[in-house]
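Engineer:
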Amino acid sequence: MTLDQAEAVLKASEGTALHAYIVLPLLLGARTEELRALTWPHVDLDGTPPSIMVWRSVREGGDTKTRRSRRTLAMPRRCVDALKLHRERQDVARKAAGASRQDNGLVFASKVGTELDSHNVRRSFRDVLKKAGLNTQEWTPREMRHGFVSLLSDSGMPIETISRLVGHRSTDVTETVYRKQLRPTLLEGAQAMDHLFPERRENHLTLDQATSV
Numbered sequence: 050m051t052l053d054q055a056e057a058v059l060k061a062s063e064g065t066a067l068h069a070y071i072v073l074p075l076l077l078g079a080r081t082e083e084l085r086a087l088t089w090p091h092v093d094l095d096g097t098p099p100s101i102m103v104w105r106s107v108r109e110g111g112d113t114k115t116r117r118s119r120r121t122l123a124m125p126r127r128c129v130d131a132l133k134l135h136r137e138r139q140d141v142a143r144k145a146a147g148a149s150r151q152d153n154g155l156v157f158a159s160k161v162g163t164e165l166d167s168h169n170v171r172r173s174f175r176d177v178l179k180k181a182g183l184n185t186q187e188w189t190p191r192e193m194r195h196g197f198v199s200l201l202s203d204s205g206m207p208i209e210t211i212s213r214l215v216g217h218r219s220t221d222v223t224e225t226v227y228r229k230q231l232r233p234t235l236l237e238g239a240q241a242m243d244h245l246f247p248e249r250r251e252n253h254l255t256l257d258q259a260t261s262v
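Structure follows, in structure tokens:
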């Protein structure tokens with residue numbers, strides 16, 4: 050995912066119930082299965098820095114994918130703003146629903162307060178993609194996490210840091226899962242050799258010249 054595509058998706062999601070759900074994986078790298086289990090007690094919007102505690106998922110037993118996946122992530126301002134607006138809208142919906150709505154403390158919940166259904170999420174996500182002008186057949190909600198990796202890699206962030214942020218147990222996992230998103234980073238050797246042996250085009254011989262010598 051390019052920066053322009055990411056911005057298009059973010060803009061297209063504004064005003065929809067899915068906005069914060071899109072902002073967080075794209076700007077934090079959280080798994081959608083982790084976000085669907087996220088509760089408000091694990092969100093600190095006023096801390097220094099604001100953060101979310103990724104300690105649960107919708108997997109069987111409620112645990113995260115691996116031990117390394119349990120992590121606390123500092124949030125950029127855009128995530129904080131999206132979550133504050135999301136909470137306000139959720140409070141309004143809760144009051145309107147009255148006793149018919151369950152209160153499970155979920156950050157992202159259905160109209161009746163239960164965990165989001167992945168099929169309904171994908172359907173709403175396709176509507177956002179269509180509005181953003183992207184191919185709805187090529188993108189799923191998981192692409193937000195892939196976009197996070199791609200954008201950080203393009204910015205020059207080391208793979209070790211990216212691996213910690215996405216909750217992988219090692220950089221090997223990150224390289225295997227996101228090999229198409231990661232920008233090649235092993236540039237030090239080539240850069241050092243270019244410095245030691247600067248190109249001298251005027252001294253280069255063509256193949257024909259070299260053969261004739």
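So the working numbering is basically just the index in the sequence shown, starting at one, shifted up by 49. Each residue gets a CB set at the ideal place from its N, CA and C atoms; glycine is no exception.
Tell me residue 164's beta-bridge partners as DSSP assigns them.
Structural biologist: 158
Engineer: In angstroms with no decimal places, state the Cα-to-Cα distance between residue 119 and residue 214.
Structural biologist: 10 Å
Engineer: Could you give the residue range of the alpha helix (DSSP H) that holds residue 38?
Structural biologist: The structure shown has nothing for residue 38, since the chain only spans 50 to 262.
Engineer: Can you give the Cα-Cα distance for residue 234 and residue 79, rounded to whole angstroms?
Structural biologist: The predicted position of residue 234 is uncertain, since its pLDDT is 49 and thus under 50; a value taken from the coordinates is nonetheless stated next. Cα-Cα distance, rounded: 23 Å.
Engineer: Taking Cβ to Cβ, would you say residue 185 is nearer than 8 Å to residue 172?
Structural biologist: no
Engineer: Closest to residue 123 by CA distance: which of 68, 133, 100 and 105 is it?
Structural biologist: 100
Engineer: Assuming residue 79 is part of the beta strand (DSSP E), what are its boundary residues?
Structural biologist: No beta strand (DSSP E) holds residue 79; DSSP gives it neither H nor E.
Engineer: Check the DSSP bridge columns for residue 176 and list the partner residues they point to.
Structural biologist: The partner list for residue 176 (beta bridge, DSSP) is empty, contrary to what the question assumes.
Engineer: Would you call residue 161 buried or exposed, if buried means 16 or more other Cβ atoms sit within 10 Å of its Cβ?
Structural biologist: Its Cβ having fewer than 16 others within 10 Å, residue 161 is exposed.
Engineer: Flag this pair as yes or no: are the beta carbons of residue 24 and residue 132 separated by less than 8 Å?
Structural biologist: With the chain represented from 50 up to 262, any question about residue 24 goes unanswered, as that position is not in the structure.
Engineer: Determine the DSSP secondary structure at residue 102, reduced to helix, strand or coil.
Structural biologist: strand
Engineer: Within 10 Å of its beta-carbon, does residue 168 have 16 or more other beta-carbons around it, so buried, or fewer, so exposed?
Structural biologist: exposed
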